[in-house]
Structure formats: structure tokens, C-alpha cells
Amino acid sequence: MASRREFITRSMGALVLANNISRVSAEDLSPPVFLDYSQDQLDILFDQASWAPQMKELENQLSAASMDVRHHMSPKTVQYGKSDAEVLDIFSPPDVSHAPVMIFIHGGAWIRLTKDDASYPAAFFNKNGVIYIAPNYAPLSSVTMPEIVEQCRRAVEWVALNAKNFGGDINRIFLAGHSAGAHLTGCMLTTDWASRGLSVNPIKEALLLSGLYEMRPVVLSSRRSYIHLNKEEINELSPIRHLNRIETPVNIVTADQDSPEFKRQSEVFASALNGMGLLKK
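Residue 75 in this note's numbering sits at position 77 of the sequence shown, and the numbers go up by one each step.
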């Protein structure tokens, strides 16, 4: 079975280069709070550690792999916004021109990890002539989720406006995200780029890995202890509610050990995109 590192890297590479609900007690007779889920069931469904108990170990492995890549391949780090958190790393093959660009938005439940932990795929992409970019964003402990989304939008804008300057092809900018990063990538897909001054949609194709695309059950779960969204923000930051805004081809992937709710949301989103002719297979 492929490791998480291989799962994420290979899935992104394919983009550019080419239920287990039984673990939640069926005897729980508490009233449902979302779909048929009781509060206890919903809390378990959003506790990723209960579905992938080795999650911390895997994150440590990815961080170590990223540190090794950064040691051997020093990226160019640039500021894309005004705050200290708004920086991104550019890993580029030597002497490239009009090269495809992969932007990868890291996960970590919107509170953990940084761009430094997302360097591990860089060698794979550079070896294949692709510029790899890892944007940073502030954690929920210091900013709101709408601001995190806005930071990611500024990062994508910066890449689109500056692609030519670092050897990238503005017509071949790909976007991927894992877990919380997949949710943020989904928010990028529903962005009105024209209202932000870009003449065209900067994202050629997107890849969503193990993400969430409807925020209502998230804020009803135990994650409400740190995710605070009002009704308007829940609506705006739920990509699946804005299918009419999406025009980018999308590939959606889940992992064996994802929570059933993560899988359900991915399946519903994929089905809707498939009906629109936008699901990549």
C-alpha cells in the first residue's frame, strides 16, 4: 500500500503529467444533528485520529522528508501578501521557461503545519520539468477562516501575475490541496477571479485530496471548539454550494483511512462535478 507521501505526490503528479461507519455505535439513540448522525457520531467522524491513528507519525515523516528536500534544494521564498505568514516557496528546475506550475496547499486541520512541511514533492516535480510552489497561510489560532481563504487567493493571484518572472507558464498553473488544503483549494475554484482583476481563470486544473466541501457539519462537530463561522461564512466557504461558480476541471481523490464523512462529501462533490462535465477521471 502506498504511503501518504506517495499517495499525495503520485496523485498530484498524475494531474500534471498526463463505509466504514460501523466504528460508530449503531446503538446510539441520541437525536441526529446532521443527516442521521448523532452528536457523538458526528464528533467521531471529524476526529481523523480515530480513523488514522498513525496520523501524527505520518505527519512527522512528511515533515522530515520536507526538511531533507529543503536541505538539498533550497527554495526561493517570496512574500505574496503583507502579513508575515503570507510567503511561498518556489522550487524550480534550472533554466526553465514556460514550465508548468504546481501549487500545493497543505493540510493540517487549518491549525497545524506550514509550507515548510509541504516541500517533499518538490524533487519529483522538478525532475519532470515542473515548478513546484508551496504557499504558507496563517493558522486559525491567529486569523479567521475567511482570512485564510483570502490569503490563499492572494497566493494564487501572485503566482498568476508573476509566473513569467520565475519561468512559469501562466496557461499551465495547476492547483492541489490535501485535507484542509483541499477545502481551501475548493474555495479557490469558486473564486470570482475577474472581480479581483485577473482577466482569466488562473487555474487550469485542480486536484482535491481527502477534503471537506460542506462546512455545516464541521462546525456542528467537536471542531466547533476552534472553528467559528457564522451562517453567511458557512455558506460562502462551502464549495459544494457554489457549483455555478466552478469552471475548472477537477479530480477528487480519497484515501482508505479517510473518515466516512470525508468520503461522503467527496463522493457528493464528485457526482455534482461529473454532472457538469468537470470531473477528471
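We put the CB at the ideal spot given by N, CA and C, even for glycine.
Cα-Cα separation, residue i to residue j
i: GLY209; j: PHE267; result: 10 Å
i: ARG262; j: ALA47; result: 18 Å
i: ASN17; j: SER36; result: The predicted model places ASN17 with a pLDDT of 40, which falls under 50 and marks its position as unreliable, so this point remains unresolved.
i: VAL67; j: GLY184; result: 27 Å
i: LYS113; j: ALA132; result: 5 Å
i: ILE225; j: ASP93; result: 43 Å
i: ALA153; j: GLU84; result: 8 Å
i: ASP38; j: SER61; result: 32 Å
i: HIS181; j: SER95; result: 31 Å
i: LYS162; j: GLY275; result: 30 Å
Helix, strand or coil at residue i according to DSSP, with G and I counted as helix
i: MET100; result: strand
i: ASN249; result: strand
i: GLN263; result: helix
i: ALA270; result: helix
i: HIS235; result: In the sequence on display, residue 235 carries Leu and not His. Looking at LEU235 - three-state DSSP - the assignment turns out to be coil, as it is neither helix nor strand.
i: GLU203; result: strand
i: LYS279; result: coil
i: PHE281; result: There is no way to answer for residue 281, as the model of the chain reaches only from -1 to 279.
Reference residue i, options the options, closest by Cα
i: PHE44; options: ALA97, SER177, ASN160 and LEU138; result: SER177
i: LEU138; options: ILE129, GLN149 and TYR118; result: GLN149
i: SER90; options: SER236, ILE101, ALA83 and LYS80; result: ILE101
i: TYR118; options: SER72, ARG152, PRO144 and GLU155; result: SER72
i: ALA63; options: ASP115, HIS96 and MET53; result: ASP115
i: ALA136; options: PHE122, ASP254 and ARG110; result: ARG110
i: GLU259; options: LEU40, SER28 and PRO29; result: LEU40
i: HIS240; options: GLY275, ASP190 and VAL198; result: ASP190
i: ILE232; options: VAL217, ASN134, MET53 and GLY105; result: VAL217
i: ILE244; options: ALA174, LEU187, LEU159 and PHE123; result: LEU187
i: ILE42; options: SER220, THR75 and ARG151; result: SER220
Any non-hydrogen atom of the ligand FMN closer than 8 Å to residue i Cβ
i: SER61; result: This structure lacks the ligand FMN, and indeed carries no ligand of any kind.
Anticipated Cβ contact below 8 Å, residue i with residue j, distance rounded
i: PHE164; j: ILE88; result: 6 Å
i: VAL157; j: LEU206; result: In fact, because the Cβ distance is near 18 Å, the residues do not count as touching under 8 Å.
i: GLU145; j: PHE172; result: That pair is no contact at about 25 Å.
i: ASP167; j: ALA97; result: 6 Å
i: ARG214; j: VAL99; result: Actually they do not touch by this definition, with Cβ atoms about 33 Å apart.
i: GLN255; j: ALA107; result: Actually they are not in contact, since the Cβ atoms of GLN255 and ALA107 sit about 15 Å apart, beyond 8 Å.
i: ASN199; j: THR142; result: At roughly 26 Å, the Cβ-Cβ gap does not stay under 8 Å, so ASN199 and THR142 are not in contact.
The alpha helix (DSSP H) enclosing residue i, as first and last residue numbers
i: LEU173; result: No alpha helix (DSSP H) holds LEU173; the beta strand (DSSP E) holding it covers 166 to 176.
i: GLU212; result: No alpha helix (DSSP H) holds GLU212; DSSP gives it neither H nor E.
i: LYS74; result: No alpha helix (DSSP H) contains LYS74, which is instead part of the beta strand (DSSP E) from 74 to 77.
i: PRO133; result: It is not in any alpha helix (DSSP H) - PRO133 instead sits in the beta strand (DSSP E) that spans 129 to 133.
i: MET143; result: 143 to 160
i: PHE122; result: 120 to 125
i: ASN58; result: 53 to 70
Residue span of the beta strand (DSSP E) that contains residue i, given as start and end
i: VAL85; result: 85 to 89
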